[in-house]
Amino acid sequence: TFCSMAAVARRVAMRLTPENAPAAARCVAESFAHPQSRDPFTTQFKLQRHQWFRMAYPFVQRAADATNPKGVVVMNEDGETVDAVMVNEDFRMAPPPEYRLLPAEWRPVRACFRELHTRFKANYSRPVAEGEILHCLYFTCVRPEVRGQGLMKALWDETQVVARDYGYKHLVAEAPTREVRSVLEESLGFKEVAAVEYADWRFEGATPTEALALANPVEWSRLSISIRNVFSNMY
């Protein structure tokens, strides 16, 4: 239900709202640009906090303003800070207009995700229908200083409730690293459907992500997208 909550260390997982949307976007920006971030796109394209905020905020704001809210956040006990966020939307939903107007440093990132989604749809058994797949957007995150406290589990638990509430059959999520893929597959029951290999992917005649595979071929091998059924057991 809309009011469903999961208690976690005196915090709760709750739906994204217009009131907590700015704090949710700040959580994304500060987590992905944090010195401890292992995000390959942050590393390769030297993305800073203000750049992540500019990219994420239109998605967060749109999700928060939706008539049927699907995004999930975990608030800090101070009642103001968002410590974890998962923006969920229908897979058929196009990116907000602001996404296409991002500065040049985002062009290869956008192209890489576009290629990944194209491959996913090619490998899916049929054309994706509206209301069929709930997309857990890439910039799901937990602030580094509060990791290990079960906040990510709270996000996934509440997202499962969201998916059931709105009749979705599947969840999909991207994984930029082996670590994230391992969590999706081994802990959450996802199965990889498509991938873009960092070493081989070409954009405008160049290989902009090749350096990632060279720097860490095990952890940074590919950007992948995985799927799982909504009604199977998550844990």
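Position one of the sequence shown corresponds to residue 1286 (this note's numbering), numbered consecutively onward.
Glycine included, C-beta positions come from ideal geometry on N, C-alpha and C.
None of the values given here were measured: they were computed from a predicted structure.
(message) Let's test the definition: count the other Cβ atoms within 10 Å of the Cβ of residue 1286 and tell me whether it reaches 16, buried, or not, exposed.
(response) Residue confidence for residue 1286 is low, a pLDDT of 38 falling below 50, so the modelled location carries little weight; the figure read from the coordinates is stated next. Exposed: under 16 other Cβ atoms inside 10 Å.
(message) So for residue 1439, helix, strand or coil by DSSP?
(response) helix
(request) Inspect the beta-carbon positions of residue 1341 and residue 1358 and report whether they are closer than 7 Å. (result) no
(message) Assuming contact is defined by CB atoms lying nearer than 7 Å, are residue 1363 and residue 1428 in contact in what I supplied?
(response) no
(request) Can you check DSSP and say which residues form a bridge with residue 1331? (result) According to DSSP, which records beta bridges pairwise, residue 1331 is partnered with nothing at all.
(message) Please classify residue 1324 as buried or exposed, where buried requires at least 16 other C-beta atoms within 10 Å of its C-beta.
(response) buried
(request) With a threshold of 16 other CB atoms inside 10 Å of the CB of residue 1435, please say whether the residue is buried or exposed. (result) buried
(request) Put residue 1402 into one of helix, strand or coil per three-state DSSP. (result) helix
(request) State whether the segment 1434-1450 contacts the segment 1388-1401, with contact taken as three or more CB pairs (one from each stretch) at a distance under 8 Å. (result) no
(message) Bridge partners for residue 1375 per DSSP, in chain order?
(response) 1419
(request) Less than 8 Å between the CB atoms is what I'm expecting for residue 1374 and residue 1396, so what's the real figure, rounded? (result) That belief does not hold up - the Cβ atoms of residue 1374 and residue 1396 are roughly 20 Å apart, past 8 Å.
(request) Assign residue 1303 to buried or exposed, taking buried as 16 or more other Cβ atoms, counted over all protein chains shown, within 10 Å of its Cβ. (result) exposed
(request) Consult DSSP for residue 1287 and reduce its assignment to one of helix, strand or coil. (result) Low confidence applies to residue 1287: its pLDDT is 41, below 50, so where it sits in the model is not reliable enough to give any reading.
(request) Please name the residue in 1499, 1451, 1419 and 1333 whose C-alpha comes closest to that of residue 1390. (result) 1333
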